[in-house]
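J.: Below is the structure I would like to discuss, written out as structure tokens.
Number of protein chains: 2
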Amino acid sequence: MIGRVTADDVARKAGVSQSTVSRVLNNYPFIKEATREKVLTAISELGFTRDEIARSLVEKKTRSIGLILGDISNPFFAESAGVIIEQAQKLKYDVVICNTNHNDENLEKSINTLIGKRVDGILVASVKRDDTKVQQLHDKGFPIVLYNSSIDDPMANFVVIDNIRGAKMAVEHLLELGHKKIAYIAGPFKYLTTYQRYIGYKEAISENGLTLEQDFVYNGDFSYQKIFEFTKELLTKKNRPTAFLAVSDQMALAILDAATSLNLKIPEDVSVIGFDDISLASNQFIGLTTVSQHMEVMASVALEKLVDLIDHESDAFDPVQIVLKPELKIRKTTAKNLDK
Amino acid sequence: MIGRVTADDVARKAGVSQSTVSRVLNNYPFIKEATREKVLTAISELGFTRDEIARSLVEKKTRSIGLILGDISNPFFAESAGVIIEQAQKLKYDVVICNTNHNDENLEKSINTLIGKRVDGILVASVKRDDTKVQQLHDKGFPIVLYNSSIDDPMANFVVIDNIRGAKMAVEHLLELGHKKIAYIAGPFKYLTTYQRYIGYKEAISENGLTLEQDFVYNGDFSYQKIFEFTKELLTKKNRPTAFLAVSDQMALAILDAATSLNLKIPEDVSVIGFDDISLASNQFIGLTTVSQHMEVMASVALEKLVDLIDHESDAFDPVQIVLKPELKIRKTTAKNLDK
Numbered sequence: 035m036i037g038r039v040t041a042d043d044v045a046r047k048a049g050v051s052q053s054t055v056s057r058v059l060n061n062y063p064f065i066k067e068a069t070r071e072k073v074l075t076a077i078s079e080l081g082f083t084r085d086e087i088a089r090s091l092v093e094k095k096t097r098s099i100g101l102i103l104g105d106i107s108n109p110f111f112a113e114s115a116g117v118i119i120e121q122a123q124k125l126k127y128d129v130v131i132c133n134t135n136h137n138d139e140n141l142e143k144s145i146n147t148l149i150g151k152r153v154d155g156i157l158v159a160s161v162k163r164d165d166t167k168v169q170q171l172h173d174k175g176f177p178i179v180l181y182n183s184s185i186d187d188p189m190a191n192f193v194v195i196d197n198i199r200g201a202k203m204a205v206e207h208l209l210e211l212g213h214k215k216i217a218y219i220a221g222p223f224k225y226l227t228t229y230q231r232y233i234g235y236k237e238a239i240s241e242n243g244l245t246l247e248q249d250f251v252y253n254g255d256f257s258y259q260k261i262f263e264f265t266k267e268l269l270t271k272k273n274r275p276t277a278f279l280a281v282s283d284q285m286a287l288a289i290l291d292a293a294t295s296l297n298l299k300i301p302e303d304v305s306v307i308g309f310d311d312i313s314l315a316s317n318q319f320i321g322l323t324t325v326s327q328h329m330e331v332m333a334s335v336a337l338e339k340l341v342d343l344i345d346h347e348s349d350a351f352d353p354v355q356i357v358l359k360p361e362l363k364i365r366k367t368t369a370k371n372l373d374k
Numbered sequence: 035m036i037g038r039v040t041a042d043d044v045a046r047k048a049g050v051s052q053s054t055v056s057r058v059l060n061n062y063p064f065i066k067e068a069t070r071e072k073v074l075t076a077i078s079e080l081g082f083t084r085d086e087i088a089r090s091l092v093e094k095k096t097r098s099i100g101l102i103l104g105d106i107s108n109p110f111f112a113e114s115a116g117v118i119i120e121q122a123q124k125l126k127y128d129v130v131i132c133n134t135n136h137n138d139e140n141l142e143k144s145i146n147t148l149i150g151k152r153v154d155g156i157l158v159a160s161v162k163r164d165d166t167k168v169q170q171l172h173d174k175g176f177p178i179v180l181y182n183s184s185i186d187d188p189m190a191n192f193v194v195i196d197n198i199r200g201a202k203m204a205v206e207h208l209l210e211l212g213h214k215k216i217a218y219i220a221g222p223f224k225y226l227t228t229y230q231r232y233i234g235y236k237e238a239i240s241e242n243g244l245t246l247e248q249d250f251v252y253n254g255d256f257s258y259q260k261i262f263e264f265t266k267e268l269l270t271k272k273n274r275p276t277a278f279l280a281v282s283d284q285m286a287l288a289i290l291d292a293a294t295s296l297n298l299k300i301p302e303d304v305s306v307i308g309f310d311d312i313s314l315a316s317n318q319f320i321g322l323t324t325v326s327q328h329m330e331v332m333a334s335v336a337l338e339k340l341v342d343l344i345d346h347e348s349d350a351f352d353p354v355q356i357v358l359k360p361e362l363k364i365r366k367t368t369a370k371n372l373d374k
């Protein structure tokens, strides 16, 4: 991918206004020769040709993209935003961030806001499977790429991991450690990740001849507090789970919080696996066992594909559909089941 | 603070274009009576008057603000962005986020980007004390409010905590626990927070008759890896510190990571105090002792003050200068010094 240049860069370098740059490139009369020279020198010093700059002037792109996050206070989203902003800066794109707090109405508002700001394209990190607004944008051919999420549309552009496989890997790890009572802290099944990971969990359980306990599955809101309470309640029951799989590392932290509040030891009394591999997971003081989503690759590829879509808006395109392989990172929060 | 309305809201509600709203309000001829009715009904249903909407049309505001973060992958910044986005949504402002990675050049670029996007005002969460670009914006009267940071200018607008007091509270807590060898993991002294907290650390040490060991002070980059290495090196020395104060919870996590990698126990072998009180700090599995910056209040007030500045741009204004009280949160990472 090559670097971009804008008339603005040239104007700044030449110390003139953008409209002067435009006039020079369009061969307006009445431009002082010295000014003309300054602009052309700036262009060549920036390593571009006159034509490239002229093209950028007529492009009518705003060189900004929108990024819609589910919850910026969840490190997975924040860290992916960091990757996207850094890459976008290199490509001379600005990033306008909206945060939905996993609220469907906020998602629609965010899209309207971004379209109002005339962004060239949108990245969405969290969307329910049957979202019609995102569907409409796809249908219209507006550049949009989903990551860590997708909608039920064979033509959707997305970058995800194999969620079913990821959840199965996690459950199989717990089964190997002798756990038989495994809870799954999911979130609403209207999201692809949540639902697909549930499928993986279910399959791994049944393939190993165990029975799925519906009481052990949380599929309410992505609320730290609610998950904290649910976990506490589950852990005080007589027939309590000995292990937990969480839909995100953030939720795994809520489980660790709740278990510790009951004076249970991790991993001696309870094993916990997260999903995402946020940077905190590999901190040795915490050492969270988790399924990596390869967030850096996921976010970079999503941005790269979005920029491709923006650059070739009139071409016929196959949908961007990338499925990354999950990776289980075994650390300190999982251990042999001692509760025979 | 009252809710805002834009012509866009009216247009959406009435199911017409923004320019139709504008034409109705400006009494253009040739507007169908039915359309006129729809627009006026929408305005009244939204709880506004015709005048208010007309004013919003001539305001020429973009209703977007810029937010410049030091490092979006540091939960303090990400969580404060979450608070700001949520509050801004209520006030019908969009937030354009830039991330500098604590790089001075990126800060200048970010400001240029945001001005180019014609934001109505800017919030800055991290800036060095002698930054000239931020200084210039202040001088020009452009709406700008700093939080968690400030510049050396008596007219700067900022919301901070009493950093000197905060650091003293932390060091005094460690002294009471019998620690005499206390390291301070700061970051570059060009930042107000880093420097002021160093002053507090120094004062507390000398007021208690101890000698400050310069080897125990880190003032290099805000690099997780560098701080991890520095801590490891310090902890393997014969005359090693028994306690650490970190300039942020993120850096405290790096210290915990490094200490654990040496098989040192927290808090038995090493006590650690952070700064910020990110949500993770109160997670009982981690229980990080820290100095709270009252981030939610800090971020909300900064936004509120920024919006005030935007709304009254032509008025003479005293600078916004708010200093919050720090609060020590004693949790599990600090304990009595057993290393006599």
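Line order of the protein sequences matches chains A and B. All residue numbers for the first sequence refer to the numbering used here, where the first residue is 35 and numbers rise by one. All residue numbers for the second sequence refer to the numbering used here, where the first residue is 35 and numbers rise by one. Quick reminder that beta carbons are idealized off the backbone N, C-alpha and C, glycines included.
(1) Using a 10 Å radius around the Cβ and a threshold of 16 neighbouring Cβ atoms, would you call residue 122 of chain A buried or exposed?
(2) State yes or no: is the beta carbon of residue 158 of chain A nearer than 8 Å to at least one beta carbon in chain C?
(3) Taking only beta carbons into account, state which residues of the region 308-319 of chain A come closer than 8 Å to chain B, listed in chain order.
(4) Does DSSP classify residue 234 of chain B as helix, strand or coil?
(5) Just checking: is the beta-carbon of residue 287 of chain B within a distance shorter than 8 Å of some beta-carbon in chain A?
(6) Quick one: what's got a C-beta closer than 6 Å to residue 428 of chain B's C-beta in the same chain, skipping five residues either side?
(7) Between the beta-carbon of residue 318 of chain B and the beta-carbon of residue 360 of chain B, is there less than 8 Å?
(8) Would residue 58 of chain A be called buried (16 or more neighbouring beta carbons within 10 Å of its own) or exposed?
(9) If you measure beta-carbon to beta-carbon, which residues of the region 113-145 of chain A are closer than 8 Å to chain B?
(10) If you follow the beta strand (DSSP E) that residue 363 of chain B is part of, which residue opens it and which one closes it?
(11) Rounded to a whole number of angstroms, what is the C-alpha to C-alpha distance between residue 224 of chain B and residue 164 of chain B?
(12) Quick check: residue 281 of chain B and residue 367 of chain B, are their CB atoms within less than 8 Å of each other?
(13) Here's the rule: buried if 16 or more other CB atoms are within 10 angstroms of the residue's CB, otherwise exposed. What is residue 332 of chain B?
(14) In three-state terms, what does DSSP make of residue 155 of chain A?
(15) For residue 150 of chain A, which residues in chain B fall below 7 Å Cβ to Cβ?
(16) Thinking just about the alpha-carbon of each residue, which of A/323, A/115 and A/287 is nearest to the one in residue 207 of chain A?
(17) Quick check on DSSP: helix, strand or coil for residue 348 of chain A?
(18) Go ahead and label residue 230 of chain A buried or exposed: buried means 16 or more other beta carbons lie within 10 angstroms of its beta carbon, across all protein chains shown.
(19) DSSP three-state label for residue 371 of chain A, please.
(20) Closest to residue 185 of chain B by CA distance: which of B/169, B/252, B/256 and B/292 is it?
(21) Would you say residue 290 of chain A reaches chain B, if we count a Cβ-Cβ gap shorter than 8 Å as a contact?
(22) Taking three-plus beta-carbon pairs below 8 Å as touching, is the region 234-246 of chain B in contact with the region 202-219 of chain B?
(23) Please confirm whether residue 336 of chain B and residue 157 of chain B have their CB atoms less than 8 Å apart.
(24) Since residue 50 of chain A contacts residue 100 of chain A with CB under 8 Å, what's their CB separation in whole angstroms?
(25) Under 8 Å between C-beta atoms, does residue 219 of chain A make it to chain B?
(26) Going straight from the alpha carbon of residue 235 of chain B to that of residue 112 of chain B, what length do you get?
(27) Between which two residues does the beta strand (DSSP E) holding residue 178 of chain A run?
(28) Counting only C-beta atoms, is residue 294 of chain B closer than 8 Å to chain A at any point?
(29) Going along chain B, which residues have a C-beta under 8 Å from residue 147 of chain A?
(30) Can you find a CB in chain A that lies within less than 8 Å of the CB of residue 358 of chain B?
(31) Say whether chain A places a C-beta atom closer than 8 Å to the C-beta of residue 222 of chain B.
(32) Quick one: any contact between the region 170-179 of chain B and the region 338-345 of chain B, if contact means 3 or more CB pairs under 8 Å?
(33) So if DSSP puts residue 133 of chain A in a beta bridge, which residue, or which two residues, is it bridged to?
(34) Under a three-way DSSP split, which group does residue 220 of chain B fall into?
(35) Applying the 10 Å Cβ sphere with the 16-neighbour rule, what's the burial state of residue 254 of chain A?
(36) To be precise: take each residue of the region 100-114 of chain B, compare its Cβ to all Cβ atoms of chain A, and keep it if any distance is under 7 Å. Which residues remain?
T.: This is what the structure gives:
(1) On the first sequence, residue 122 of chain A is found 88 positions in, with the first residue counted as 1. By the 10 Å Cβ count, residue 122 of chain A comes out buried.
(2) Among the protein chains in the structure shown, which are A and B, there is no chain C.
(3) 313, 314, 317, 318 and 319
(4) Along the second sequence, one-based indexing puts residue 234 of chain B at 200. Helix at residue 234 of chain B.
(5) The residue labelled residue 287 of chain B in the question sits at position 253 within the second sequence. Yes - at least one Cβ of chain A is within 8 Å of the one on residue 287 of chain B.
(6) Since the first residue of chain B shown is 35 and the last is 374, residue 428 of chain B is not available in this structure.
(7) In the second sequence, counting from the first residue as 1, residue 318 of chain B sits at position 284. In the second sequence, counting from the first residue as 1, residue 360 of chain B sits at position 326. No, the Cβ-Cβ distance between residue 318 of chain B and residue 360 of chain B is not below 8 Å.
(8) Residue mapping note: residue 58 of chain A aligns to position 24 of the first sequence, counting from 1. By the 10 Å Cβ count, residue 58 of chain A comes out buried.
(9) 113, 115, 116, 119, 120, 123, 128, 129, 130, 131, 132, 133, 135, 140 and 143
(10) Within the second sequence, the letter at position 329 stands for residue 363 of chain B. 361-363 is the extent of the beta strand (DSSP E) around residue 363 of chain B.
(11) Stepping through the second sequence from its first residue, residue 224 of chain B is reached at position 190. Stepping through the second sequence from its first residue, residue 164 of chain B is reached at position 130. Residue 224 of chain B and residue 164 of chain B: Cα-Cα distance of roughly 8 Å.
(12) Here residue 281 of chain B corresponds to residue number 247 of the second sequence, with the count starting at 1. Here residue 367 of chain B corresponds to residue number 333 of the second sequence, with the count starting at 1. Cβ distance not < 8 Å, so residue 281 of chain B and residue 367 of chain B don't count as in contact.
(13) Locating residue 332 of chain B in the second sequence gives position 298, counting from the first residue. Residue 332 of chain B is buried by the Cβ-count criterion.
(14) To locate residue 155 of chain A, count along the first sequence from 1; it is residue 121. Three-state DSSP puts residue 155 of chain A in a strand.
(15) Looking up residue 150 of chain A in the first sequence gives position 116. Chain B residues near residue 150 of chain A: 42.
(16) The residue given as residue 207 of chain A occupies position 173 in the first sequence. Closest by alpha carbon: A/323.
(17) By one-based count along the first sequence, residue 348 of chain A stands at place 314. The predicted position of residue 348 of chain A is uncertain, since its pLDDT is 48 and thus under 50; no value can be drawn from it.
(18) Stepping through the first sequence from its first residue, residue 230 of chain A is reached at position 196. When all chains shown are included, residue 230 of chain A counts as buried.
(19) Here residue 371 of chain A corresponds to residue number 337 of the first sequence, with the count starting at 1. Three-state result, residue 371 of chain A: coil.
(20) As a working mapping, residue 185 of chain B is identified with position 151 in the second sequence. Measuring from the Cα of residue 185 of chain B, the nearest candidate turns out to be B/169.
(21) Within the first sequence, residue 290 of chain A is the residue found at index 256, counting from 1. At least one chain B Cβ lies under 8 Å of residue 290 of chain A.
(22) yes
(23) Start at 1 with the first residue of the second sequence, and residue 336 of chain B comes out as number 302. Start at 1 with the first residue of the second sequence, and residue 157 of chain B comes out as number 123. Cβ distance < 8 Å, so residue 336 of chain B and residue 157 of chain B count as in contact.
(24) Here residue 50 of chain A is taken as the residue at index 16 of the first sequence, counted from 1. Here residue 100 of chain A is taken as the residue at index 66 of the first sequence, counted from 1. The Cβ separation is near 31 Å, so there is no contact.
(25) Start at 1 with the first residue of the first sequence, and residue 219 of chain A comes out as number 185. It does not: the Cβ of residue 219 of chain A has no partner Cβ on chain B nearer than 8 Å.
(26) Taking the second sequence and counting its residues from 1, one reaches residue 235 of chain B at position 201. Taking the second sequence and counting its residues from 1, one reaches residue 112 of chain B at position 78. Near 27 Å, if we compare the C-alpha coordinates of residue 112 of chain B and residue 235 of chain B.
(27) Locating residue 178 of chain A in the first sequence gives position 144, where the first residue counts as 1. Residue 178 of chain A -> beta strand (DSSP E) spans 178-181.
(28) As a working note, residue 294 of chain B is residue 260 in the second sequence. So, interface residue.
(29) Against the first sequence, residue 147 of chain A aligns to sequence position 113. Going along chain B in sequence order, the residues near residue 147 of chain A (Cβ under 8 Å) are 128.
(30) Counted from its first residue, the second sequence places residue 358 of chain B at position 324. Answer no: the Cβ-Cβ gap between residue 358 of chain B and chain A never drops below 8 Å.
(31) For the purposes of this step, residue 222 of chain B is identified with residue 188 of the second sequence, where counting begins at 1. Not an interface residue.
(32) yes
(33) Taking the first residue of the first sequence as 1, we reach residue 133 of chain A at position 99. Residue 133 of chain A is bridged to A/103.
(34) In the second sequence, residue 220 of chain B corresponds to position 186, counting from 1. Coil, per DSSP.
(35) As a position in the first sequence, residue 254 of chain A is number 220, starting the count at 1. Answer is exposed; the Cβ neighbour count stays below 16.
(36) 106, 107, 109, 112 and 113
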